[in-house]
Each structure stands twice: as C-alpha cells, then as structure tokens.
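Sequential numbering of the sequence shown, starting at 81, is according to the working numbering. All residues carry an ideal CB built from backbone N, CA and C; glycine is no exception. A short write-up of the structure that comes next.
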Amino acid sequence: MTLKTTINNLTILIVMIVSSTTFAQSSFQGQATYMSKTTMDMDNFGGRELSPERKKEIMARMKSSLEKTFVLDFNKTESLYKEDEALEAPSGGRGGFRFGGIASGIIYKDVKSNKLFQDQEFFGKQFLIKDSLVKLEWKMSGESKQIGKYTCFKATATKKADPNDFTNFRRGGGNDRKEDKKETAEVKKDSTHSDKSKDPFDEIEMPKEVEVTAWYTMDIPVNNGPADYWGLPGLILEVNSGKTTILCTKIVMNPSEKNDIKQPTKGKEVTMEEYQDIVKKKMKEMREMFRSRGGRGGRN
C-alpha cells in the first residue's frame, strides 16, 4: 500500500467518524433530486437503415424515457425513490413514452433489514416486487471530487446486468464497427437477402455484467443512494452504470414538509427473478409477433 493510498484511507476514516457523530445527535430526514440520463445507439435496434431525420424523430419521442428526474426521500435506514410527479407527461401516464410498455417504478429500500419493495407497472399490470437488496462488492479508491458543495469519494463495483434492460443491449461482437461495416457490405451483395424479414434483435446481445462507478459523500453518512444503489458509508450522489448516468442536482436536509417513507403495497407480489421472467416472456412474445409480420411492425 502506497503512502498516498494510506493518507486517502485515513482521510475517509476521519470524515466518517466526524460525520457519523454529528448526525447521531438528532434524527433527520433528507430529500435529494437526481437527473437520470441514458444514451442510446439506434443502430443497435435496426436503425442503420433509417434516415438521420427519422432517427432524430424517434429519439425525440424517447427523450422522456431516456432523461428523467427522480426524488429520493431518505432517513437513516430507509429511502423512497420515485419519478418527479411535477414533470410527468400531460397525459398523466408515468414516464411519458414507454419503451416496451415499462413505466418508472417506485423503489423502497430498508438497508437495516436488507429489504427492497418496488412498485412496478408493466403493460398495464401492476406488480409489487419484494426481495432482498443486492449487495455490491464496492472497491474504494480514495479518489475524490466535488459535486456541488459536497466532497465525494469514488467507489467501483461489478453488477450483474438486468437481462431486460434494453439500454445495455449492444451489437453482437461488441463495438467492432469495422466488422459491422464488413457484414453490411456482404449483406448488400446478397441479392437473396430480404431486410424486410430481418429481426434486429438477432444482431444484439446483452452483457452479463456492467461496470458501476459511484461517488458518495460522507457529509451525509447514510447507507443509501438512488435507484437500487446502496452500501457505501455516505449518500451516493452520482452513479455511472453502463450507458446511464444518475447525478444529484439538489439536496434538502430536514425539509419543512417531509414526505412519508413507506413501502408500497399495491400490485401482484413477485420476486425480482419472477418479474424479470414475466418481462422476458412478454418480450419474446413481441419478438415472435414482429417476425410473423415480416419485420415490418404491422405496416402495410
């Protein structure tokens, strides 16, 4: 261990002790606002044949699904994470345009009892996911940076990829664009090939793992963070996971009007694995429907 690493670790320990002592003197509740942004390559979803104008139009429609604002209400052991209702679409539907019929859910975490409750809507059906919190093996680097007025420290981990998270899909063979171009040229030479019947999902794959980078502040020593992230000695203010970045833009400690932090209760009870199986079966059904229509999505 180098001298620099030793000093960094000692600094983290001192901050932890001071912050924990300060917050232990009184009960508290806080509220953090996060901006979530996901990048997406249309070429991964059969968009290579689309014109730039058409791609731009589709991305504009998907903006409400790829760029969202969330609010995290938290205390020492619990949190409630949900989309900011003030920014919902005028139609009243959660999350505006929905990819695959999936709406943003409400995530409740209890880090003391290691419980997760998630209110999730999928194709008009309400589910209540009840499961244990997934614990990531965080690696502290001692590296720091400033987010707003808070000093944050870096931690990294490897997370099992959600098999139904379309944002992590990629072209088969990774990012080798030269190979992509070669395959495209070969396809054009094949006069018997029919693009109309081609399923774009045949060309994409899902990585088994996703690298996660988190920045947490011990100025707010709670073992919590946005979405399903937790497990660090301070509130997580930024997460970079796959193609998604979640960044805290505002924090209010002990707000005058505190929201209730209660676990959701509505919906059909399922485990996370059971819910993922339900989504997987529905996606398979849609894929088969796509193929039966000759890959034209029902267009004549």
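Between the beta-carbon of Q356 and the beta-carbon of N194, is there less than 7 Å?
-> no
Just mark S107 as buried or exposed, buried being the case when its beta carbon has 16 or more other beta carbons within 10 Å.
-> exposed
Can you check DSSP and say which residues form a bridge with M220?
-> A235
For the alpha helix (DSSP H) that K364 lies in, which residues bound it at each end?
-> M352 to S372
Whose C-beta lies closer than 6 Å to the C-beta of I316 among residues of the same chain, with five residues either side of it excluded?
-> A294, Y296, G305 and Y309
Provide the residue span of the beta strand (DSSP E) that contains M115, from first to last.
-> G110 to T118
Please report the Cβ distance between Q109 and D153, rounded to the nearest whole angstrom; I am assuming they are in contact, meaning their Cβ atoms lie under 8 Å.
-> 7 Å
Flag this pair as yes or no: are the beta carbons of G311 and L216 separated by less than 7 Å?
-> yes
Leaving out five residues on either side along the sequence, give the residues of the same chain with a beta carbon under 6 Å from the beta carbon of K338.
-> Q109
Buried or exposed: K210, going by 16 or more other Cβ atoms within 10 Å of its Cβ?
-> buried
Per DSSP, D153 forms a beta bridge with which residues?
-> Q111 and L160
Per-residue burial, E133 [other beta carbons within 10 Å of its own, 16 or more giving buried] = exposed
Identity of the residue in T325, M333 and S321 nearest V302 by Cα | M333
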